[in-house]
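Chemist: As given, the protein sequences belong to chains S and A, one line each in that order. When the count follows the UniProt record's numbering, it moves up by one through the first sequence with no breaks and lands on 406 for the last residue. When the count follows the UniProt record's numbering, it moves up by one through the second sequence with no breaks and lands on 406 for the last residue. Idealized CB from N, CA, C, for every residue including glycine.
Number of protein chains: 2
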Amino acid sequence: MAVGPATFPEKMHPVSGFKLGTTSAGIKTPGRKDLVLMEVCDGATVAGVFTKNAFCAAPVQICKSHMAEVSPRYLVVNTGNANAGTGEEGFSDAMLTCKEVADLCGSDERAVLPFSTGVIGEKLPVEKIISALPSAKEALSEQGWDAAAEGILTTDTRVKGASLQIEYQGQTITLTGISKGSGMIKPNMATMLGYVATDAKIEKGLLQKLLTETTNCSFNRITVDSDTSTNDSCMLVATGQSSVEVSEQNAELFALFKEALKDLMQQLAHAIVRDGEGATKFVTITVDSAETEEEALRTAFDIAHSPLVKTALFASDPNWGRILAVVGRAGIENLDLDNLQIYLGDVCIVSQGGRDAAYTEEAGQAVMDQEEILIRVVLNRGEVSETVWTTDLSHDYVSINADYRS
Amino acid sequence: MAVGPATFPEKMHPVSGFKLGTTSAGIKTPGRKDLVLMEVCDGATVAGVFTKNAFCAAPVQICKSHMAEVSPRYLVVNTGNANAGTGEEGFSDAMLTCKEVADLCGSDERAVLPFSTGVIGEKLPVEKIISALPSAKEALSEQGWDAAAEGILTTDTRVKGASLQIEYQGQTITLTGISKGSGMIKPNMATMLGYVATDAKIEKGLLQKLLTETTNCSFNRITVDSDTSTNDSCMLVATGQSSVEVSEQNAELFALFKEALKDLMQQLAHAIVRDGEGATKFVTITVDSAETEEEALRTAFDIAHSPLVKTALFASDPNWGRILAVVGRAGIENLDLDNLQIYLGDVCIVSQGGRDAAYTEEAGQAVMDQEEILIRVVLNRGEVSETVWTTDLSHDYVSINADYRS
Numbered sequence: 001m002a003v004g005p006a007t008f009p010e011k012m013h014p015v016s017g018f019k020l021g022t023t024s025a026g027i028k029t030p031g032r033k034d035l036v037l038m039e040v041c042d043g044a045t046v047a048g049v050f051t052k053n054a055f056c057a058a059p060v061q062i063c064k065s066h067m068a069e070v071s072p073r074y075l076v077v078n079t080g081n082a083n084a085g086t087g088e089e090g091f092s093d094a095m096l097t098c099k100e101v102a103d104l105c106g107s108d109e110r111a112v113l114p115f116s117t118g119v120i121g122e123k124l125p126v127e128k129i130i131s132a133l134p135s136a137k138e139a140l141s142e143q144g145w146d147a148a149a150e151g152i153l154t155t156d157t158r159v160k161g162a163s164l165q166i167e168y169q170g171q172t173i174t175l176t177g178i179s180k181g182s183g184m185i186k187p188n189m190a191t192m193l194g195y196v197a198t199d200a201k202i203e204k205g206l207l208q209k210l211l212t213e214t215t216n217c218s219f220n221r222i223t224v225d226s227d228t229s230t231n232d233s234c235m236l237v238a239t240g241q242s243s244v245e246v247s248e249q250n251a252e253l254f255a256l257f258k259e260a261l262k263d264l265m266q267q268l269a270h271a272i273v274r275d276g277e278g279a280t281k282f283v284t285i286t287v288d289s290a291e292t293e294e295e296a297l298r299t300a301f302d303i304a305h306s307p308l309v310k311t312a313l314f315a316s317d318p319n320w321g322r323i324l325a326v327v328g329r330a331g332i333e334n335l336d337l338d339n340l341q342i343y344l345g346d347v348c349i350v351s352q353g354g355r356d357a358a359y360t361e362e363a364g365q366a367v368m369d370q371e372e373i374l375i376r377v378v379l380n381r382g383e384v385s386e387t388v389w390t391t392d393l394s395h396d397y398v399s400i401n402a403d404y405r406s
Numbered sequence: 001m002a003v004g005p006a007t008f009p010e011k012m013h014p015v016s017g018f019k020l021g022t023t024s025a026g027i028k029t030p031g032r033k034d035l036v037l038m039e040v041c042d043g044a045t046v047a048g049v050f051t052k053n054a055f056c057a058a059p060v061q062i063c064k065s066h067m068a069e070v071s072p073r074y075l076v077v078n079t080g081n082a083n084a085g086t087g088e089e090g091f092s093d094a095m096l097t098c099k100e101v102a103d104l105c106g107s108d109e110r111a112v113l114p115f116s117t118g119v120i121g122e123k124l125p126v127e128k129i130i131s132a133l134p135s136a137k138e139a140l141s142e143q144g145w146d147a148a149a150e151g152i153l154t155t156d157t158r159v160k161g162a163s164l165q166i167e168y169q170g171q172t173i174t175l176t177g178i179s180k181g182s183g184m185i186k187p188n189m190a191t192m193l194g195y196v197a198t199d200a201k202i203e204k205g206l207l208q209k210l211l212t213e214t215t216n217c218s219f220n221r222i223t224v225d226s227d228t229s230t231n232d233s234c235m236l237v238a239t240g241q242s243s244v245e246v247s248e249q250n251a252e253l254f255a256l257f258k259e260a261l262k263d264l265m266q267q268l269a270h271a272i273v274r275d276g277e278g279a280t281k282f283v284t285i286t287v288d289s290a291e292t293e294e295e296a297l298r299t300a301f302d303i304a305h306s307p308l309v310k311t312a313l314f315a316s317d318p319n320w321g322r323i324l325a326v327v328g329r330a331g332i333e334n335l336d337l338d339n340l341q342i343y344l345g346d347v348c349i350v351s352q353g354g355r356d357a358a359y360t361e362e363a364g365q366a367v368m369d370q371e372e373i374l375i376r377v378v379l380n381r382g383e384v385s386e387t388v389w390t391t392d393l394s395h396d397y398v399s400i401n402a403d404y405r406s
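#1: Looking at the C-beta of N53 (chain A), does it have a partner C-beta in chain S at a distance below 8 Å?
#2: What is the rounded straight-line gap between the Cα of A25 (chain S) and the Cα of C56 (chain S)?
#3: Give me the Cα-Cα distance between S182 (chain S) and V273 (chain S), rounded to the nearest whole angstrom.
#4: Using a beta-carbon distance below 8 Å, is L211 (chain S) in contact with chain A?
#5: Looking at the C-beta of H395 (chain A), does it have a partner C-beta in chain S at a distance below 8 Å?
#6: What would DSSP say about L20 (chain S), mapped onto helix, strand or coil?
#7: Kindly list, in the order they appear in chain S, the residues whose Cβ is closer than 8 Å to that of N401 (chain A).
#8: Does the CB of W320 (chain A) have a neighbour CB from chain S at under 8 Å?
#9: Residues of the segment 77-107 of chain S with a CB closer than 9 Å to any CB of chain A: list them in chain order, please.
#10: Please confirm whether E100 (chain A) and L133 (chain A) have their CB atoms less than 8 Å apart.
#11: For E122 (chain S), count neighbouring Cβ atoms within 10 angstroms of its own Cβ and tell me buried if that reaches 16, exposed if not.
#12: With contact counted as at least three CB pairs below 8 Å, one residue from each stretch, are the segment 83-103 of chain A and the segment 358-365 of chain S in contact?
#13: Beta-carbon within less than 7 Å of V350 (chain A)'s beta-carbon, same chain only, minus the 5 sequence neighbours each way: which residues are those?
#14: Pick from A:K33, A:A84, A:N78 and A:I62: whose alpha carbon is nearest that of G353 (chain S)?
#15: Name, going along the chain, the residues of the segment 351-373 of chain S whose beta-carbon falls closer than 7 Å to a beta-carbon of chain A.
#16: Which chain S residues are close to D225 (chain A), counting only those with a beta carbon under 7 Å from its beta carbon?
#17: One question on the structure: do S16 (chain A) and P59 (chain A) come within less than 8 Å of each other, judged by their Cβ atoms?
#18: On a CA-only basis, which of S:T155, S:S394, S:Q61 and S:F282 is nearest V388 (chain S)? Give me that one, please.
#19: Quick check: the Cα distance between L193 (chain S) and G151 (chain S), rounded to an integer number of angstroms?
#20: What is the DSSP secondary structure of F50 (chain A), reduced to helix, strand or coil?
#21: Go to K160 (chain S), then tell me how far its beta strand (DSSP E) extends in each direction, as first and last residue.
#22: Looking at chain A, which residues of the segment 227-238 of chain S have a Cβ within less than 7 Å of any of its Cβ atoms?
#23: Note the first and the last residue of the continuous beta strand (DSSP E) segment covering F282 (chain A).
#24: What's the C-alpha gap between E248 (chain S) and L175 (chain S)?
#25: Rounding to the nearest angstrom, what Cα-Cα distance links P114 (chain A) and A94 (chain A) in this structure?
#26: Determine, using beta carbons only, whether A279 (chain S) comes closer than 8 Å to chain A.
#27: At a Cβ threshold of 8 Å, is V335 (chain S) touching chain A?
#28: Give a yes or no on whether 8 Å exceeds the smallest Cβ distance from L264 (chain S) to chain A.
#29: Between V119 (chain A) and chain S, is the shortest Cβ-Cβ distance under 8 Å, so that the two count as touching?
#30: Checking the sheet assignment: what are the DSSP bridge partners for residue 456 (chain S)?
#31: So, is residue 484 (chain S) buried or exposed, given that buried needs 16 or more other C-beta atoms within 10 angstroms?
#32: Of the residues that make up the segment 148-170 of chain S, which ones have a beta carbon closer than 7 Å to any beta carbon in chain A?
#33: If you compare alpha carbons, which of A:T230, A:T198 and A:M235 is closest to Q208 (chain A)?
#34: Starting from the Cα of G144 (chain S), find the closest Cα among S:N339, S:G331 and S:K33 and give me that residue.
#35: If the cut is a Cβ gap below 8 Å, which residues of chain S does E326 (chain A) touch?
#36: Is A402 (chain A) near T391 (chain S), with beta carbons less than 8 Å apart?
And the structure:
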């Protein structure tokens, strides 16, 4: 199940200087694509954001320490096993994978970044991964995006990608990216996995800043089930192979590029929500005119996580009292009930402390019957607006997570 | 569906000076008991705790203002309609109910406290309630607990009550109470509705303190679905009709009484969890040796609210990685992963940053197969321990809340 038409682009524009190779290592399901190797050209810059879960997985720890030492050249991703909650042994297993990639490709092992996603707490089948590495290397190609988009999936039902090009003074800059994620989605730094590459030349510090800022209005604003994964990682690579340099000195190009990157990141993040476990609705929740970002986000996420709101969304039931109850418990200090409004789409449902005088059940029902729904809370307290995206809570969510060990 | 054997006592001891009368007003379902009147004798003391939801219902607002003015003599409870999110009209409707009770019983209208529970946002059918009041008055009796326990239910599948007696120096003190609640359960001051009476004599300030303290280790420690209701209220009445006075001066009796009250309140709170919407498991979550109460409670409630943990509980799947992931995202600063343990029942599942060396899937499965499950997190950071109680997340929870407008 997934919401709306598939959004994977017909054409994933290759990014000069960035190659992807995908193969099957048989980690969980024989024959399934589950191992992706990515090669970054010499001279590229790489930025990353990682989960803030304290129990971050061994590969996440290694990514952070390797990136602090040298510039990354290889990224190796396995699905079917998260290598999280695996203690010392998990750390050694991930390091061994890095060493094998380095030997195979003639690189420094610190220039290899490992990523894992799948079940938590089981030993990484490192021998299977090592055996399949040559085949992944063999497949390395700038055309490898489609296969890689498939190779990083777990419970996802759809591949997720976005690709766009911007023109600047006769030059073309390409941005292409893939992501995965469907359950345990409430990213806090990044989504389960995201890989975005551009051929622009961007200095490392600026690249990291761009990634952090665009993550904060994309992956860090989505939630399926409030559970932050141990393995969230999102990487942004700038190969510099186009002749265009993005820097803050060129304000016009910088703004153009940042907007394009934000657009691409939001496409990838929304694709995860649309493919959220059991999702039948794509729900946008906006909190307007809040006093602080914290207040706006807390209110929006509290609505997004409420099982009662989510089951009403699943039932297409305009049960607006449940939304009102969440706003009331969101801990907003000195909330003036008479001065806030709640909207379902364009329909005002709550004003002056109760049901809006003009509200009709038919109008509410018409919004709820749609597959894409906007819930908007106007607090009339300040200048801050925040938006998050989420799903409903369906029988399929329970089935997927009760029947499958993810 | 409900967890474990029914816990309603065979005998609900009457409390001298406290009468209950139950009838059917036909508010939602014709013939269903849905209106309860309670009469408190002259000279009794009454304490109450109420929801902290900012959108608190009209009856909650009136309870608070009436209690500030005079000592309550009558409590009137309707189910089937919460009279919340109903603005000015809801306030007038609740006030009219108070006035009618006062006229009927020869009392001051400020001595009447109104309570409502049911669907949010629909107009209170106040005429139906007024018409049924004489029949409720007619039924007033100290033996009326059983019928009242039934009369306050909504989506509950079981009546909830507790009753006990303590002996002190040849005297008997009785404590009897009822509660209701099944969904929208994450009380923040009290549960949906709870009414407890004792025949001890207790000064009003002390009674309020006792109620607040015992609520904080009973109703304020349970959650079904993280949603705090707009109508939560819990009342404690001390009729003073026994010859025993409970005061802090008599430390021995005070401790005895407080322990009994805590026991009774926990029985009523647990009965709500056992009857949680769609519940198939009764889950106790204890966080030991935390640095602060806030840290212990946040961790415990984060586990209790995680849809992934709750669906694993429903599936009886010892998927301990999901518990580990929640502890990791609970926002505990400088958490030392190597120095914490997580237990399922008596089985250690996590130690030294990963799966405990002695853990076996069989041992975990044996705990998960039980209907009552203990999850215990030992942080080894400080002296604070907190316990909360919750349910699993089942298909029936989704059905109940997607199919029924509650």
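Modeler: On the basis of the supplied data:
#1: yes
#2: 24 Å
#3: 7 Å
#4: no
#5: yes
#6: strand
#7: P307, L308, T311, A312 and A315
#8: yes
#9: A82, A84, G85, T86, G87, E88, E89 and G90
#10: yes
#11: buried
#12: no
#13: W320, L324, Q341, I342 and D356
#14: A:A84
#15: Q352, G353, G354 and R355
#16: P307 and L308
#17: no
#18: S:F282
#19: 12 Å
#20: strand
#21: K160 to Y168
#22: D227, T228, S229 and T230
#23: F282 to A290
#24: 18 Å
#25: 7 Å
#26: no
#27: Note on residue identity: the sequence assigns Leu, not Val, to residue 335 (chain S). Closer than 8 Å to some Cβ of chain A, the Cβ of L335 (chain S) qualifies, so yes.
#28: no
#29: yes
#30: Look at the range of chain S in this structure, 1 to 406, and you will see that residue 456 (chain S) is not part of it.
#31: No answer is possible for residue 484 (chain S): it lies beyond the span of chain S, which begins at 1 and ends at 406.
#32: none
#33: A:M235
#34: S:K33
#35: For clarity, residue 326 (chain A) is Val in the given sequence; the question names Glu instead. Near V326 (chain A) (Cβ distances below 8 Å), the residues of chain S are D227.
#36: no
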